[in-house]
Amino acid sequence: MSPRITATDTAPSIWGVAEFISKRPDVDILVLIQVTSPFVKSEHLKLAVKQIQHPVPFDCIFSVVRTHKLRWTLKQGKAKPLNFNTSKRPRRQDWDGELVETGGFYIFRTNIVESGFIQNSNCTVWEVSQEESLEIDSEYDILVADRFLYTNRAQNR
1124 MSPRITATDT APSIWGVAEF ISKRPDVDIL VLIQVTSPFV KSEHLKLAVK
1174 QIQHPVPFDC IFSVVRTHKL RWTLKQGKAK PLNFNTSKRP RRQDWDGELV
1224 ETGGFYIFRT NIVESGFIQN SNCTVWEVSQ EESLEIDSEY DILVADRFLY
1274 TNRAQNR
């Protein structure tokens, strides 16, 4: 049974991870799957676990999704581009986009948790599809997930 502090909606994942490792010091590699990411594919987890060890040993691997969104920020009321130059605005077809962490899964060596994190400078990523990257954090996300499931069921009949 988890202590109350690690079983709350506001507790960071690292607290639960550290608690698990303290009870299971024999575990060398841990797979953390977020319940808010129900479309993570089991075959991707299996392949990612293999990738953490070969061909180069990484300390962690986590899920990302490729996006082609032009991002902006506001500085003193003025819009400033974050990931592109306005004079060389990229076309989606000509740009590799950016990799954005999905939060779907993290696979890591348990010894790095001593630093208080599950990621470090020796990480790699596993790219997932837009569908697989869906996180359910709001009522709208539930509607999107429901629609995705309905559509997949209809296509598989």
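Take 1124 as the starting number for the sequence shown in the numbering used here and just add one per residue.
From the three backbone atoms N, C-alpha and C, an ideal C-beta is built for every residue, glycine too.
- For Arg1194, same chain residues with a beta-carbon under 7 Å away, outside a window of 5 residues either side, are Leu1205 and Asn1206 in chain order.
- A straight line joining the alpha-carbon of Ile1230 with that of Asn1208 spans about 35 Å.
- If you check the CB distance, Trp1249 and Val1187 come in under 8 Å.
- Taking 8 Å as the cut-off, the beta carbon of Phe1185 is found closer than this to the beta carbon of Glu1224.
- Annotation: the continuous beta strand (DSSP E) that includes Ile1230 extends over Glu1221 to Arg1232.
- Check the Cα spacing between Arg1212 and each of Lys1192, Gly1200 and Leu1222: the tightest is with Lys1192.
- With a beta-carbon spacing of about 11 Å, Arg1232 and Ile1144 fall beyond the 8 Å limit used to define contacts.
- By the 16-neighbour rule on beta-carbons within 10 angstroms, Leu1266 is exposed.
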